[in-house]
Amino acid sequence: MYSFLTTGTWPDYELLDAGNFEKLERFGRYVLARPEPQAIWDQHLPPSEWERAHATFRREKGSQERGQWQLKPGMPEQWVINYDQGDLHLRFRLGLSAFKHVGLFPEQDPNWRFIFEQTKQRKAAQPRVLNLFAYTGAATLAARAAGADVTHLDSVKQVNFWARDNMEASQLDGVRWLVEDAMKYVRREVKRGSKYQGLILDPPAYGRGPNGEKWQLEDELNELLKLCKELLDPQDHFFLINLYSLGFSALILDNLVADIFPAIRGTREIGEIYLHDQGQRKLPLGTFCRFSS
Ligand SMILES: C[S@@+](CC[C@H](N)C(=O)[O-])C[C@H]1O[C@@H](n2cnc3c(N)ncnc32)[C@H](O)[C@@H]1O
Numbered sequence: 005m006y007s008f009l010t011t012g013t014w015p016d017y018e019l020l021d022a023g024n025f026e027k028l029e030r031f032g033r034y035v036l037a038r039p040e041p042q043a044i045w046d047q048h049l050p051p052s053e054w055e056r057a058h059a060t061f062r063r064e065k066g067s068q069e070r071g072q073w074q075l076k077p078g079m080p081e082q083w084v085i086n087y088d089q090g091d092l093h094l095r096f097r098l099g100l101s102a103f104k105h106v107g108l109f110p111e112q113d114p115n116w117r118f119i120f121e122q123t124k125q126r127k128a129a130q131p132r133v134l135n136l137f138a139y140t141g142a143a144t145l146a147a148r149a150a151g152a153d154v155t156h157l158d159s160v161k162q163v164n165f166w167a168r169d170n171m172e173a174s175q176l177d178g179v180r181w182l183v184e185d186a187m188k189y190v191r192r193e194v195k196r197g198s199k200y201q202g203l204i205l206d207p208p209a210y211g212r213g214p215n216g217e218k219w220q221l222e223d224e225l226n227e228l229l230k231l232c233k234e235l236l237d238p239q240d241h242f243f244l245i246n247l248y249s250l251g252f253s254a255l256i257l258d259n260l261v262a263d264i265f266p267a268i269r270g271t272r273e274i275g276e277i278y279l280h281d282q283g284q285r286k287l288p289l290g291t292f293c294r295f296s297s
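For the sequence shown, my numbering gives the first residue as 5, with consecutive numbering after it.
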């Protein structure tokens, strides 16, 4: 089944406008303007609305990623927003990073809800969930809030500290934090015969393990998914992979998952994730595939 996923009503987040390779967003009470390579169309809102941004990210000459934030007086470097969807209540600390990121991918909201619901539906008394490339932990906390025994793995220590702050701000505890290379850890877990009722992956196009291990999406994804198959409890599981690499079609994911997980009993859902702005235009921000037993 091919589907398009987007955010539900979330008072603390809104995509206001996008265009001219930029996006204008509200996180809580602060409005941010930052680069968005996919937004090749014209902006809808007048320049006066964009100029009202409390923080604007200016890219450094010749750099795709690095740059500086220009802050209006009173704009903090860090702030906290709420996320309340049904029974799922989380709080996220946001911060202005040197790479236009703020520590959260709001378009992942539909996947956080999927993780929360799927964790609750597992037969296991305390489902074991593994979150790979876990960043600041929103997906980790969605599973933990539903009662899972969660392992959060990322290769960057500071990112795990940030995720731990989000756990404490969300009044949760008991997450297992790992600073490891995802591929290395999964290989070891397969050798150990470990099984999980939930697997979550959100690999970048390119990355490094803590000891410089290279991660290149198109070269390693096939093998990583084959290893993940060995870790999944065949009787009782959910699986979610999200990709945000430009130009990586959801059909690639569909072929890989169809080959590697042929015995999927439930629905295999693939598709695109997008955010819509005030003009109801859709900003595509990733592809996904998810299924459950
Ligand atoms: C952008 S994030 C994923 C977003 C996250 N899942 C979310 O929705 O919040 C990609 C993460 O992968 C981590 N990473 C990159 N290479 C890695 C590797 N080889 N092993 C483990 N984590 C890695 C990065 O540190 C980064 O936090």
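Note that beta-carbon positions come from the ideal geometry of N, C-alpha and C, so glycine has one too. The structure presented is a predicted model; accordingly, all values stated were derived computationally and were not measured.
Can we count residue i as close to ligand 1, meaning its CB is less than 6 Å from some heavy atom?
i	result
Val133	no
Trp219	yes
Pro208	yes
Val160	yes
Gly290	no
Ala142	yes
Gly211	yes
Tyr139	yes
Asp240	no
Asp185	yes
Val163	yes
Which value, in whole angstroms, describes the spacing of the CA atoms of residue i and residue j?
i	j	result
Phe242	Lys286	28 Å
Glu227	Ala267	18 Å
Ala150	Met5	26 Å
Cys232	Tyr248	19 Å
Ile347	Leu236	Outside the shown range of the chain (5 to 297) lies residue 347, about which nothing can therefore be said.
His58	Asp240	46 Å
Asp88	Trp14	7 Å
Which residue comes first and which comes last in the beta strand (DSSP E) that contains residue i?
i	result
Phe8	Tyr6 to Leu9
Arg63	Ala59 to Arg63
Ala1	The structure shown does not extend to residue 1, since the chain spans only 5 to 297, so no value can be given for it.
Glu26	Glu26 to Phe31
Provide the residue(s) that pair with residue i in DSSP beta bridges, ordered along the chain.
i	result
Thr291	Leu247 and Glu276
Lys218	Arg212
Arg191	Bridge partners of Arg191: none, in fact.
Any heavy atom of ligand 3 closer than 6 Å to the Cβ of residue i?
i	result
Asp237	Of the ligands this structure carries, namely ligand 1, none is ligand 3.
Starting from residue i, trace the alpha helix (DSSP H) both ways and give me its first and last residue.
i	result
Arg148	Ala142 to Ala149
**Message:** Please give me, in chain order, every unbroken run of the beta strand (DSSP E) with length at least 3 that falls completely inside the stretch 227-268.
**Reply:** 242-247
**Message:** Could you tell me which whole beta strand (DSSP E) segments of length 3 or greater appear in the stretch 47-125?
**Reply:** 59-63, 71-75, 82-89 and 92-99
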